[in-house]
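*Asks:* Take this structure, written in structure tokens, and hold onto it; I'll ask about it next.
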Amino acid sequence: MTVTDTGNAEAAGDATAVTGYRGPAPETGHAHPAPLHLSHTGDATAAWGGVANTGYLNVSTLTVQQRAPREPAPWPHQVGVIPPAARSYQHRAETDRLNTTADGGTTTVLTQLLTGMGGVGKTQLAADYARTAWNDDSAAGGLDVLVWVTASTRSPVVTGYAQAGVELCRADPNDPEQAARSFLAWLTPKATAKPCRWLIVLDDVTDPDDLKGLWPPDSPHGRTLVTTRRRDAALAAHGRRTIKVGLFTEAEALTYLTTSLTGHGHDESADELTALADDLGYLPLALAQAAAYLIDTGETVAAYRELLADRTAILADATPDALPDDQALPLAGVWSLSIDRADTLRPAGLARPMLQLAALLDANGIPQDVLTSAPALAYLTTHRTGPEHAGEPDLVSARDAVRALSALHRLSLIDHDRNAPYRAVRVHQLIQRTTRDTLTPHQHDTTARTAADALVDAWPASERDTALAQTFRDNTTALASHARRALYRPDAHAVLYRTGRSLGETGQVTAARDHFQHLTETTRHQLGEDHPDTLTARGTLAAWRGEAGDAAGAADAFADLLEHMVRMLGEDDPDTLAARANLATWRGEAGDAAGAADALADLLEHMVRVLGEDHPHTLTTRNNLATWRGEAGDAAGAADAFADLLEHMVRVLGEDHPDTLAARGNLASWRGRTGAAAGAADAFADLLEHMVRVLGEDDPDTLAARANLATWRGEAGDAAGAADAFADLLADRIRVLGEDHPDTLTTRNNLATWRGRTGDAAGAANTLADLLADRIRVLGEDHPGSLATRANLASWRGQAGDAAGAANACADLLEHTVRVLGEDHPHVPIIRGSLAGWRGRAGDAAGAADAFADLLADRIRVLGEDHPTTFAAWGSLAHWRGQAGDAAEAVAVTEQLLEHMVRVLGADHPHVPIIRHNLAHWWKEAERAPGVSGNDRS
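As structure tokens, this is what we get:
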């Protein structure tokens, strides 16, 4: 006897199956035993009392009883078990949508899909719907047949249908596939048969292909409900209606937690429970397991939240030992099978590494460009999963990356909207957490640095869209919170600096300052006081401190930094030279324009020696030196310096270089400030044409040139033309930059100003009032731009006729500005001058004269006698002395002013004739006064 390779025997229901040998040994019980040889037998199946044999069977008597077909079960009849209701189950909006869709259907096909990520409660919603329908005993409602199938694979669907076929329509139990088909055929309505009201629930469909040939038929009396994480087009075909199941609302989450914990020794506040719900992302499954954990352990909600926030813990640490509500998996394992399946979808092996990248970014939205950037593609190429990708992997394309996102979306692991302009990819925070928990420390840090590289690579060089900029900053904030020290190893990552610059460039200067304050402290802690990144952070902090209004503080910070850099890097290091330049600039911004010019003159000599006269840093220093010479009062000297610099830049950089174009603009502006407003306008018109050709119409520098052209046209006498130009520019800046961009807000300010200068003072004031509200909303009430708008608003209200109101507004503004910026800030004297002027126009001429006398003394002390703003204070003092009745003093002050202006600006300067006219006026007034004779006139 020989028996080999037997197998595959299956029996059920008192049946017998044999694939090898069964019986007495061949050489016993027979006179002439015959040899027995069996080989390669198998595949025997028997059911319901039958016998199957593919080998040798020796029996003396074989009796097979064939069971009679079962009678169809009476209606109503249920096949399968509806899951029990979860503890503290509550009614949800999705239930109403499900019932509305079911009751309101007008076609014969009524198949509904409940889709959503794992853990949102799809099965519970379906179970509640099935129970409600089953228990509905109304004449119009109710069911005759209910079939509940767990549809995670094709096999249980076939088995469930087959069981229903056997129980309801006498299907052959020995052929499950045929029995399933018989059941589906039985569901099809027939003209002569009694209508059957049925509901088929296919719970947790994992693969649309599993339902090929198994979808219930169209029927006016039947309904099909499918729950699935999948979002494939194949599922939603043929008019099937999709209902997306989302997270709990805040109110639903609070009600659930309150109900679940009541009576278990937890007297937690609504605020604490709401915070816990937020920590868990309002995910029903997470809330259920959290409630079970709290009940089992007796811990407080605060302690549980601390556990969730602990970066050394994993999500599994916050899971109860016994899962509630017959749940099969702890929270950390809910999505693992979905990730595995997503990784098998084309392009295979990319879904998992893509989710790892997304897990470190902002759960509320990631720009698609970040996840399709060059660094992201390189990461996907290197970390692609699957043995077929071992060795030299194929390069992943941007299209591959988008398809990987689509695979994750199809499994409801992410939400991916390709048309979303900013936040194309959203991931639940707990999916992110479980994904991060699977990474080793090395994998975590590598992925974090890659995510940072991807952000920098995709970040627009010019932040024209404030909403997009905010999205990038949010992603950096999320990355920094997850990355721990990875962004500081081996150095501080560039994305940390890019985020701060983004804040400042979009007008949030105080936020930028605070960001760099934190970055400086963190970099110092992580890398040390002398690390180059720490020095860079200190310098950037100093600069934004100045931009936030503290120019003197910025200068002091750069002075301290310069000393440190000289000691660490040497006085010839480029970074040391840059610190000197910044120190000079902020000293100028703090009011010492002459000192800034002197410092830059010394620096220029040093830079020429170290870097050469053609180095870009040298050219930039010449630009800054010319500017501060102008601000120190020498507008003509500034114009001449820019003319020389422009010639040099054309030779070194070319006429189309952005720095060359900027120098042309500076030359035009300083020529305008010498009195040649029309010439400045013509120069900007030529420059604008050049910039449009080189940079394009929508480039920020081009738009800035348009603003300068409009300004100088207005200064040349065409106020209406300036207003029209700013109106056109405003429309373009809103289109290109957005309504809240700082440049857009500045354009609104300029438009109001020039409309006021056309004679519509009241309209200018109203426009500025609206602008002020927006600037406070966007920038905050302490921002220099908000303060400047308050000053302009006060001025135009005064010019509209409310001088007293303007004076009061200036007084309030002065107090605010001193508090925010300090008494020595350059804006403070300007506001003091405005306050004095409006007090005079409100009737207090003597008080205005005294205020201008004090202001003039401060101007001379800080800026010197020859500064343009000193001249302005001098002229105002003369005016208000005369208005107060002291014409002789007005003459004396005006004569002093005229002497200084002729000496500094020259007799041909446009302002000189104005002063001569004023002097003549006050002489006439003085001659009318008692005790003054013509012989006293000099």
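Those letters in the sequence shown? Residues 126 to 1063, per the numbering used here, in order.
Glycine is no exception: its CB is placed at the ideal position from the N, C-alpha and C atoms.
1. Going by alpha carbons, who is nearest to Ala577 out of His618, Thr591, Ser587?
2. At a cut of 8 Å, does the region 900–915 reach the region 860–873 through at least three beta carbon pairs?
3. Over the uninterrupted alpha helix (DSSP H) stretch that includes Asp487, give me the two end residues.
4. Can you tell me the Cα-Cα spacing of Gly758 and Ala890, whole angstroms?
5. Report yes if the CB atom of Asn874 is closer than 8 Å to the CB atom of Thr914, and no otherwise.
6. With 16 other CB atoms within 10 Å as the buried threshold, where does Val206 fall?
7. What residue range does the alpha helix (DSSP H) around Val1027 cover?
8. Go through its chain and collect everything with a Cβ distance to Glu302's Cβ below 8 Å, but skip five positions before and after it.
9. I'd like to know whether the C-beta atoms of Leu981 and Ala998 end up nearer to each other than 8 Å.
10. Just reading off the alpha helix (DSSP H) that Gly625 is part of, what are its end residues?
11. Taking the DSSP output, what are the residues bridged to Val351?
12. Taking just the CA atoms, how far does Arg436 sit from Asp700?
13. Report yes if the CB atom of Leu440 is closer than 8 Å to the CB atom of Thr559, and no otherwise.
14. Going by alpha carbons, who is nearest to Leu238 out of Glu756, Thr601, His363?
15. Could you name the residues of the same chain whose beta carbon sits closer than 6 Å to that of Thr766, not counting the 5 residues immediately before and after it, in chain order?
16. Once you ignore the five residues that flank Gln651 on each side, which residues in its own chain have a CB closer than 6 Å to its CB?
17. Express the C-alpha separation of Leu533 and Ser344 in angstroms, rounding to a whole number.
18. Specify, as a first and last residue, the run of the beta strand (DSSP E) that Ile368 falls within.
19. Since Ala493 and Arg543 should fall inside the 8 Å C-beta cutoff, what is the C-beta to C-beta distance between them, to a whole number of angstroms?
20. Secondary structure at Thr275, three-state DSSP: helix, strand or coil?
21. For Pro657, which option in Leu728, Met693, Glu1024, Gly285 has the closest C-alpha, if you only look at C-alpha atoms?
22. Could you compute how far the alpha carbon of Pro1064 sits from the alpha carbon of Gly1010?
23. Thinking C-alpha only, which one of Leu223, Leu250, Val326 is nearest Leu271?
24. Give me the DSSP bridge partner(s) of Asp969.
25. Within 10 angstroms of the Cβ of Ser587, are there 16 or more other Cβ atoms? Answer buried if so, exposed if not.
26. With DSSP collapsed to three states, give me the class of Leu1044.
27. Using 10 angstroms around the beta-carbon of His216, count the other beta-carbons present and answer buried if the total reaches 16, otherwise exposed.
28. Under 8 Å between the Cβ atoms of Ala788 and Met774?
29. What runs of the alpha helix (DSSP H), each 4 residues or longer, lie entirely inside the region 882–934?
30. Roughly how many angstroms lie between the CA atoms of Leu401 and Leu462, to the nearest whole one?
31. Reducing DSSP to helix, strand and coil, say where Arg776 ends up.
32. Identify whether Gln203 lies in helix, strand or coil by the three-state DSSP scheme.
33. If you drop the 5 nearest sequence neighbours on each side, which residues of the same chain put their C-beta closer than 7 Å to that of Arg1006?
34. DSSP on Asp297, reduced to helix/strand/coil?
35. Flag this pair as yes or no: are the beta carbons of Ala679 and His950 separated by less than 8 Å?
36. Since Ala413 and Ala211 should fall inside the 8 Å C-beta cutoff, what is the C-beta to C-beta distance between them, to a whole number of angstroms?
*Replies:* A quick look at the data gives this:
1. The residue labelled residue 577 in the question sits at position 452 within the sequence shown. Cα-wise, what sits closest to Ala577 is His618.
2. yes
3. Start at 1 with the first residue of the sequence shown, and residue 487 comes out as number 362. Per DSSP, Asp487 belongs to no alpha helix (DSSP H) and is neither H nor E.
4. Here residue 758 refers to the residue found at position 633 of the sequence shown. Here residue 890 refers to the residue found at position 765 of the sequence shown. Approximately 31 Å between the Cα atoms of the pair.
5. Looking up residue 874 in the sequence shown gives position 749. Looking up residue 914 in the sequence shown gives position 789. Yes, the Cβ-Cβ distance between Asn874 and Thr914 is below 8 Å.
6. By 1-based counting over the sequence shown, the position of residue 206 is 81. Result: exposed.
7. Stepping through the sequence shown from its first residue, residue 1027 is reached at position 902. It spans 1012–1030 - the alpha helix (DSSP H) in which Val1027 sits, taken as one unbroken run.
8. The residue you call residue 302 lines up with position 177 of the sequence shown. Here the set comprises Val283, Ala287.
9. Residue 981 sits at position 856 when you count from the first residue of the sequence shown. Residue 998 sits at position 873 when you count from the first residue of the sequence shown. Against a cut-off of 8 Å, the Cβ pair of Ala998 and Leu981 comes out as a contact.
10. Residue mapping note: residue 625 aligns to position 500 of the sequence shown, counting from 1. 619–630 is the span of the alpha helix (DSSP H), which, as asked, contains Gly625.
11. Here residue 351 is taken as the residue at index 226 of the sequence shown, counted from 1. Answer by DSSP bridge pairing, in chain order: Leu238, Leu327.
12. Residue numbering aside, residue 700 sits at position 575 when the sequence shown is read from its first letter. Residue numbering aside, residue 436 sits at position 311 when the sequence shown is read from its first letter. Roughly 37 Å separates the two Cα atoms.
13. Against the sequence shown, residue 440 aligns to sequence position 315. Against the sequence shown, residue 559 aligns to sequence position 434. Taking 8 Å as the Cβ cut-off, Leu440 and Thr559 qualify as a contacting pair.
14. For the purposes of this step, residue 238 is identified with residue 113 of the sequence shown, where counting begins at 1. The option with the nearest alpha carbon to Leu238 is His363.
15. Indexing the sequence shown from 1 puts residue 766 at position 641. For the record, residue 766 in the displayed sequence is Ala; it is not Thr. Answer for Ala766: Ala751, listed in chain order.
16. Looking up residue 651 in the sequence shown gives position 526. Cβ within range, chain order: Tyr613.
17. On the sequence shown, position 219 is the one that residue 344 refers to. On the sequence shown, position 408 is the one that residue 533 refers to. For Ser344 and Leu533, the distance between alpha carbons rounds to 34 Å.
18. Taking the sequence shown and counting its residues from 1, one reaches residue 368 at position 243. Start and end: 366–369.
19. For this step, residue 493 is matched to residue 368 along the sequence shown. For this step, residue 543 is matched to residue 418 along the sequence shown. Strictly speaking, residue 493 in this sequence is Gln, with Ala absent from that position. So it is a contact: roughly 7 Å between Cβ atoms.
20. By one-based count along the sequence shown, residue 275 stands at place 150. In this structure, Thr275 counts as strand in the three-state DSSP scheme.
21. Counted from its first residue, the sequence shown places residue 657 at position 532. The candidate whose alpha carbon is nearest that of Pro657 is Met693.
22. Summary: the structure shown does not reach residue 1064, with the chain confined to residues 126 through 1063, and so no result is reported for it.
23. Taking the sequence shown and counting its residues from 1, the one referred to as residue 271 is at position 146. Checking every option, the nearest Cα to that of Leu271 belongs to Val326.
24. Residue numbering aside, residue 969 sits at position 844 when the sequence shown is read from its first letter. Asp969 is not bridged to any residue.
25. By 1-based counting over the sequence shown, the position of residue 587 is 462. Answer is exposed; the Cβ neighbour count stays below 16.
26. As a first step, residue 1044 is located in the sequence shown; it is residue number 919 there, counting from the start. Helix, per DSSP.
27. Looking up residue 216 in the sequence shown gives position 91. The residue in question, His216, is exposed, as its Cβ has fewer than 16 Cβ neighbours within 10 Å.
28. As a position in the sequence shown, residue 788 is number 663, starting the count at 1. As a position in the sequence shown, residue 774 is number 649, starting the count at 1. Closer than 8 Å, so yes.
29. 886–904, 909–924
30. Residue mapping note: residue 401 aligns to position 276 of the sequence shown, counting from 1. Residue mapping note: residue 462 aligns to position 337 of the sequence shown, counting from 1. Distance between the alpha carbons of Leu401 and Leu462: 27 Å.
31. On the sequence shown, residue 776 is found 651 positions in, with the first residue counted as 1. The answer is helix: DSSP assigns Arg776 an H, G or I state.
32. Looking up residue 203 in the sequence shown gives position 78. Three-state DSSP puts Gln203 in a strand.
33. Along the sequence shown, one-based indexing puts residue 1006 at 881. Once the five neighbours on either side are set aside, the close Cβ partners of Arg1006 are Ala974, Glu1014, Ala1015, Val1018.
34. The sequence position of residue 297 within the sequence shown is 172, counting from 1. DSSP places Asp297 in coil when its eight states are reduced to three.
35. Position 554 of the sequence shown, counted from the start, is the residue given in the question as residue 679. Position 825 of the sequence shown, counted from the start, is the residue given in the question as residue 950. Going by C-beta atoms, Ala679 is not nearer than 8 Å to His950.
36. Taking the first residue of the sequence shown as 1, we reach residue 413 at position 288. Taking the first residue of the sequence shown as 1, we reach residue 211 at position 86. Indeed they touch by this definition, with Cβ atoms about 7 Å apart.
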